[in-house]
C-alpha cells in the first residue's frame with residue numbers, strides 16, 4: 004500500500020469551493036430529501052431511555068407528521084443496550100439498525116470483549132456496526148495491530164455492515180487521516196466514518212474530502228465501492244447540502260445514495276424539516292413547532 | 082485505472098443567476114478633471130457582453146487631443162495633490178477602498194457582464210483584492226520616507242497607465258493606488274473590451290470628492306494607448322502583451338520617461354512524484370482555468386514526473402469533468418465567457434495548431450455551451466514537445482500543455498526553456514527540494530504547493546520577456562517614487 008500525502012493548503016481550498024456552490028429551487032428540495040434519506044438518526048447518551056429510543060424510532064419513520072411524503076431516514080444509531088428495542092419498533096420499515104460497538108467511544112477494552120460486543124449487537128438484530136479504531140496503536144505506529152483488529156471485527160460482524168470510525172479529531176493531521184482511511188478500507192470496512200461525536204473537532208468538510216479521496220482511489224484501483232459517513236457537528240441543512248456537493252463532485256452520481264453515503268446526526272433532521280416546510284409554505288417554523296426526535 | 086466515475090445528472094444544480102439589477106448608461110464619456118466629458122474625437126465604440134454578443138454600452142474613443150487634455154488636467158492637479166499632507170492623501174485612498182467595498186456587489190456584476198468572468202471570481206477575488214490594494218497603499222502614504230531608509234521620497238509626476246482586459250477593476254486598483262499614495266497624478270487607459278468598471282471607479286472618485294484631475298480616465302484602443310505613451314507624462318506603467326510592451330519600450334526609448342512593464346508568461350508547474358497529487362491537480366486547475374486562462378501568470382505548461390503521469394492525467398480528467406462552463410452571472414459557473422471574439426479565434430487557432438503538431442487533445446468537461454457568446458471548453462494537450470508552439474507561445478486561454486520529465490535537472494532545464502519568466506509552481510512534499518528548485522527557477526513568483534496566491538503586500542513581476550518592475554508591496558512603490 005502506497006503512503007499518500009495530503010497538503011493542507013489546497014485540500015482546504017478545494018473544500019471551501021464546495022461551500023460556495025449555490026443550491027436553489029428544485030435542486031435544493033431534491034438535495035434536502037436526499038440528505039434526509041441518508042441520515043443515521045442518532046442518540047448516544049448515557050441517559051438514553053426506552054422513551055427516547057421510541058421517540059427516535061418514530062421520528063426515523065416519519066420526520067414530520069404534516070409532510071408524510073418526506074423520506075424516512077436510512078438508519079437509527081443507538082448504544083448496544085437499545086438495539087433489541089429499536090429492532091422491534093422498526094421491524095418491516097426497511098430502516099437499518101446501527102449500533103456503536105467495540106467499547107465506543109474510546110475503544111479502550113481488550114479485543115475479545117470488543118468482539119463479543121459486536122457479536123452481541125448483531126445477535127440482537129443490528130445490521131450495521133459502527134466500530135472505533137484503536138487510536139493508541141495507530142498513533143504509536145503499530146498499523147498491523149490496527150488493521151488486524153478491524154479485520155477481526157469485520158469477521159465478527161458476519162453479514163452486518165461495518166462502519167469504521169477513525170476519530171479524526173484525535174489523528175490531527177490530514178496525512179494520518181488518509182493513512183487511517185487506507186488502512187480501514189484495506190481491512191474490509193464497508194464504510195469509513197469520521198468521528199464518534201464525542202471528540203472535537205468532529206466531521207469537517209476538508210477531513211471528509213480526504214476520506215472521499217481515499218475511497219475514490221480504492222475504487223479506481225479495485226472497482227470496490229466503499230461508503231462514507233461524516234458524523235458529529237452536522238446540524239444544519241445547508242451544511243448537509245455542501246457535503247452532498249462534495250460527494251457529487253468527488254465521487255460522482257454512484258455515491259449519491261444511502262447505500263454509500265450517510266450523515267451521522269441528531270438535530271440535522273429537524274433543520275431539514277424546517278427548510279422543506281419553508282420551501283412549501285414560504286414560512287419558517289419555530290423550533291418548538293418541530294417534534295423532538 | 083479501468084474503473085470510471087459517473088458525473089451525470091442524478092442531482093443537477095438549478096440555475097443560480099445573480100439577480101440584483103444594475104444600471105448601465107447608454108454611453109460613457111471621458112473622465113477628465115473630475116467630470117465626464119464628450120470626446121473631442123466625437124468617436125464612440127460598442128462594448129460587447131461576451132456571454133451574449135450584445136452591446137452593453139458605448140464608450141468614447143479618445144484621440145490624441147483628448148489624451149492631451151487628460152494629461153494637462155493631471156499636470157495641473159499634480160502640485161496640489163503631491164503637496165497635500167500625506168495623511169490627507171491616505172484618507173482619500175481609505176475612502177475609495179471603503180466605497181469599493183460598499184459597492185462591491187454591483188461592481189462584481191458589472192465586471193462579469195462586461196468581461197465574461199464568472200461572478201464567483203469577480204465577487205470573491207477581483208473586488209476584495211481591488212479594495213485591499215487601496216487599503217494597503219493608504220497605509221504607505223505617510224510612511225514613504227521609511228520605505229527606503231536614508232533617502233527622501235517624492236512623486237515621479239504624471240503617470241500614464243495602460244491596463245489589460247483580464248482583471249479590469251483589479252488592474253486599475255494595482256496601478257492607481259500606489260501612484261496616488263506616492264503623490265502622483267494619473268491618466269489611466271482601460272482596455273477597449275472592458276472599460277466599464279474603470280468608469281464606475283471614476284464615479285467613486287467623484288463620490289469621495291477626489292480633487293479634479295488627480296485621476297483621469299481615457300477610453301479607447303491601441304491608438305489611444307500610443308497617444309498616452311507619447312504625451313507629456315513622466316512615467317508609463319503597462320500591463321498587457323509582450324508584443325505591445327516591446328512597442329512601447331521602443332516608443333519611450335531615449336525620452337527619459339520611466340517605464341515598467343508587466344507582460345506575458347508561459348509559467349511552468351513542476352509536479353514531482355512525491356507530491357500530494359490530488360492537491361497538485363487542484364493547483365493545476367486553479368493555475369490554468371482560473372478566469373478562463375486569461376491570466377498572465379497562468380500555469381500553462383505542466384511538467385509531470387514520468388512515474389506519476391498516468392495518475393495525474395486520470396485525476397485531471399476527473400476534476401475537469403465537474404467544471405461548469407457557462408453563464409458568467411450564474412453563481413455555480415466555474416469558467417465564464419472568453420473575453421472577445423478576437424481572443425476566442427486565437428484560442429481556437431492554437432487548439433488547431435496543437436492537433437496539427439501531433440499533441441493529443443483532452444477535453445473531459447461535460448458542460449453544454451450556450452448558443453450565443455464566446456465559449457471555450459477547458460482542455461489540455463498531452464504528448465506535447467518542448468519545441469511545439471503550444472509549449473512556447475502564450476495562448477491566454479483554458480489550454481494546458483502537458484509534458485513529462487525524469488529528473489529534477491531535466492525539469493529545471495525544461496521549465497526555464499522559455500522567453501518568459503513570470504511565475505512557476507513546484508509540487509512536492511519534500512521541503513529541501515522546494516528550496517533547491519525554487520532558487521533555480523527563472524520566474525518572478527514561485528509558488529510552492531499552491532498557486533495564484535496574491536496579496537497587496539507581496540511584489541509581483543517578471544523576468545525576461547515577462548517584463549520589469551514590480552507591483553505591490555514595498556518594492557512596488559519604487560516605480561512611483563523619485564528618491565533623492
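Residue numbers (the working numbering), protein chains in the order written: chain D, 4 to 296; chain Z, 82 to 565. Heads up, the beta-carbon is just placed ideally off N, CA and C, and yes, glycines get one too. Predicted model only: the values in this text are computed from it and were never measured.
Quiz item: What do you get for residue 258 (chain D), buried or exposed, if any count of 16 or more other CB atoms within 10 angstroms of its CB means buried?
Solution: Position 255 of the first chain, counted from the first residue, corresponds to residue 258 (chain D). In this structure residue 258 (chain D) is buried. Its beta-carbon is surrounded by 16 or more other beta-carbon atoms within 10 angstroms.
Quiz item: Among D:198, D:87, D:86, D:97, which one has its Cα closest to the Cα of residue 138 (chain D)?
Solution: Numbered from its first residue, the first chain carries residue 138 (chain D) at position 135. The residue with the shortest Cα to Cα distance from residue 138 (chain D) is D:198.
Self-check item: Buried or exposed (CB count within 10 angstroms, at least 16 for buried), residue 281 (chain D)
Solution: Position 278 of the first chain, counting from 1, holds the residue named residue 281 (chain D). Exposed: under 16 other Cβ atoms inside 10 Å.
Quiz item: Would you call the CB atoms of residue 274 (chain Z) and residue 13 (chain D) closer than 8 Å?
Solution: For the purposes of this step, residue 274 (chain Z) is taken as residue 193 along the second chain, with counting starting at 1. For the purposes of this step, residue 13 (chain D) is taken as residue 10 along the first chain, with counting starting at 1. No, the pair does not count as a contact, with Cβ atoms beyond the cut-off.
Quiz item: Is the CB of residue 91 (chain Z) under 8 Å away from at least one CB in chain D?
Solution: Sequence index remark: in the second chain, residue 91 (chain Z) carries index 10 (1-based). Output row for residue 91 (chain Z): interface = yes.
Exercise. Name the two residues that bound the continuous alpha helix (DSSP H) containing residue 516 (chain Z).
Key: Counting from one through the second chain, the residue named residue 516 (chain Z) turns up at place 435. First-last of the alpha helix (DSSP H) with residue 516 (chain Z): 512-521.
Quiz item: Is the beta carbon of residue 268 (chain Z) less than 8 Å from the beta carbon of residue 103 (chain Z)?
Solution: The count along the second chain starts at 1 and reaches residue 268 (chain Z) at position 187. The count along the second chain starts at 1 and reaches residue 103 (chain Z) at position 22. Contact: no.
Practice problem: Classify residue 92 (chain D) as buried or exposed, calling it buried when 16 or more other Cβ atoms lie within 10 Å of its own Cβ. | Solution: The residue you call residue 92 (chain D) lines up with position 89 of the first chain. Classification for residue 92 (chain D): buried.
Quiz item: How would you list, in chain order, the residues of chain D whose beta-carbon sits under 7 Å from the beta-carbon of residue 413 (chain Z)?
Solution: For this step, residue 413 (chain Z) is matched to residue 332 along the second chain. Correct list: 24, 25.
Self-check item: Cβ-based contacts, 9 Å cut-off: residues of the segment 231-251 of chain D near chain Z
Solution: Look at the segment 231-251 of chain D: the residues with a C-beta under 9 Å from a C-beta of chain Z are 247, 248, 251.
Quiz item: Can you give the Cα-Cα distance for residue 201 (chain D) and residue 194 (chain D), rounded to whole angstroms?
Solution: For this step, residue 201 (chain D) is matched to residue 198 along the first chain. For this step, residue 194 (chain D) is matched to residue 191 along the first chain. The C-alpha of residue 194 (chain D) is placed about 19 Å away from the C-alpha of residue 201 (chain D).
Quiz prompt | Residues from the segment 434-452 of chain Z in contact with chain D, defined by Cβ distance under 7 Å | solution = none
Quiz item: Near residue 287 (chain Z), what residues of its chain come up, given a Cβ to Cβ distance below 7 Å and the 5 sequence neighbours on each side ignored?
Solution: For the purposes of this step, residue 287 (chain Z) is identified with residue 206 of the second chain, where counting begins at 1. Correct list, in chain order: 115.
Exercise. Please classify residue 100 (chain Z): is it buried, with 16 or more other beta-carbons within 10 angstroms of its beta-carbon, or exposed?
Key: Counted from its first residue, the second chain places residue 100 (chain Z) at position 19. Residue burial is scored here from C-beta neighbours: residue 100 (chain Z) has fewer than 16 other C-beta atoms within 10 angstroms and is therefore classed as exposed.
Practice problem: Drop a sphere of 10 angstroms on the beta-carbon of residue 436 (chain Z), count the other beta-carbons inside from all chains shown, and report buried for 16 or more, exposed for fewer. | Solution: Numbered from 1 along the second chain, position 355 holds the residue referred to as residue 436 (chain Z). Residue 436 (chain Z) comes out exposed.
Practice problem: On a CA-only basis, which of D:256, D:77, D:203, D:145 is nearest residue 100 (chain D)? Give me that one, please. | Solution: Sequence index remark: in the first chain, residue 100 (chain D) carries index 97 (1-based). Ranking the options by Cα distance to residue 100 (chain D), first place goes to D:77.
Self-check item: Beta-bridge pairing of residue 62 (chain Z) - partner residues as DSSP gives them
Solution: Since the first and last residues shown for chain Z are 82 and 565, residue 62 (chain Z) lies out of range.
Self-check item: Residue-chain proximity (residue 403 (chain Z), chain D), Cβ-Cβ < 8 Å
Solution: One-based indexing of the second chain puts residue 403 (chain Z) at position 322. Interface residue, yes.
Quiz item: Between which two residues does the beta strand (DSSP E) containing residue 461 (chain Z) stretch?
Solution: Numbered from its first residue, the second chain carries residue 461 (chain Z) at position 380. It spans 460-463 - the beta strand (DSSP E) in which residue 461 (chain Z) sits, taken as one unbroken run.
Quiz item: Would you call the CB atoms of residue 264 (chain Z) and residue 142 (chain Z) closer than 8 Å?
Solution: Numbered from its first residue, the second chain carries residue 264 (chain Z) at position 183. Numbered from its first residue, the second chain carries residue 142 (chain Z) at position 61. Not a contact, by the Cβ cut-off of 8 Å.
Quiz item: DSSP state of residue 89 (chain Z), grouped into three classes?
Solution: Working through the second chain from its first residue, we reach residue 89 (chain Z) at position 8. Coil, per DSSP.
Quiz prompt | Where the beta strand (DSSP E) through residue 1 (chain D) begins and ends | solution = The requested residue 1 (chain D) is not part of the displayed model; chain D covers only 4 to 296.
Quiz item: When DSSP labels each residue in this structure, what does residue 400 (chain Z) get in the three-state scheme?
Solution: The count along the second chain starts at 1 and reaches residue 400 (chain Z) at position 319. In the structure shown, residue 400 (chain Z) falls within a helical segment according to DSSP collapsed to helix, strand and coil.
Self-check item: First and last residue of the uninterrupted beta strand (DSSP E) at residue 269 (chain Z)
Solution: For the purposes of this step, residue 269 (chain Z) is taken as the residue at position 188 of the second chain. Taken as a continuous stretch (DSSP letters only), the beta strand (DSSP E) holding residue 269 (chain Z) covers 266-270.
Self-check item: CA-to-CA distance, residue 339 (chain Z) to residue 240 (chain Z), given in whole angstroms
Solution: Translated into the one-based positions of the second chain, residue 240 (chain Z) becomes position 159. Translated into the one-based positions of the second chain, residue 339 (chain Z) becomes position 258. One C-alpha to the other measures close to 9 Å.
Quiz item: Does the Cβ-Cβ distance between residue 355 (chain Z) and residue 509 (chain Z) come in under 8 Å?
Solution: Within the second chain, residue 355 (chain Z) is the residue found at index 274, counting from 1. Within the second chain, residue 509 (chain Z) is the residue found at index 428, counting from 1. Yes.
Practice problem: Look up residue 431 (chain Z) in the DSSP assignment and say whether it is helix, strand or coil. | Solution: The residue given as residue 431 (chain Z) occupies position 350 in the second chain. DSSP places residue 431 (chain Z) in helix when its eight states are reduced to three.
Practice problem: Please name the residue in Z:200, Z:161, Z:541 whose C-alpha comes closest to that of residue 415 (chain Z). | Solution: Along the second chain, one-based indexing puts residue 415 (chain Z) at 334. Closest by alpha carbon: Z:200.
Self-check item: Members of the segment 502-534 of chain Z near chain D, C-beta cut-off 8 Å
Solution: 510, 530, 531
Quiz item: With a cut-off of 8 Å, do at least 3 Cβ pairs link the segment 341-353 of chain Z to the segment 384-394 of chain Z?
Solution: yes
Quiz prompt | Within 8 Å, strictly: CB atoms of residue 163 (chain Z) and residue 236 (chain Z) | solution = Taking the first residue of the second chain as position 1, residue 163 (chain Z) is located at position 82. Taking the first residue of the second chain as position 1, residue 236 (chain Z) is located at position 155. Contact: yes.
Practice problem: Could you name the residues of the segment 173-199 of chain Z whose beta carbon sits closer than 8 Å to any beta carbon of chain D, in the order they occur along the chain? | Solution: Against chain D - using a Cβ distance shorter than 8 Å - the segment 173-199 of chain Z contributes no residues.
Quiz prompt | Alpha-carbon to alpha-carbon, residue 21 (chain D) and residue 425 (chain Z) | solution = Your numbering for residue 425 (chain Z) matches position 344 in the second chain. Your numbering for residue 21 (chain D) matches position 18 in the first chain. If you take the alpha carbons of residue 425 (chain Z) and residue 21 (chain D), they lie about 29 Å apart.
Quiz item: Taking 8 Å as the CB-CB cut-off, is residue 88 (chain Z) touching chain D?
Solution: The residue you call residue 88 (chain Z) lines up with position 7 of the second chain. Chain D, which has a Cβ nearer than 8 Å to the Cβ of residue 88 (chain Z), makes this yes.
Exercise. Would you please verify whether the beta carbon of residue 278 (chain D) is less than 8 Å from any beta carbon of chain Z?
Key: The residue you call residue 278 (chain D) lines up with position 275 of the first chain. No, residue 278 (chain D) lies away from the interface with chain Z (no Cβ there is under 8 Å from its Cβ).
Exercise. Report yes or no: do the segment 24-43 of chain D and the segment 535-546 of chain Z share at least 3 C-beta pairs separated by less than 8 Å?
Key: no
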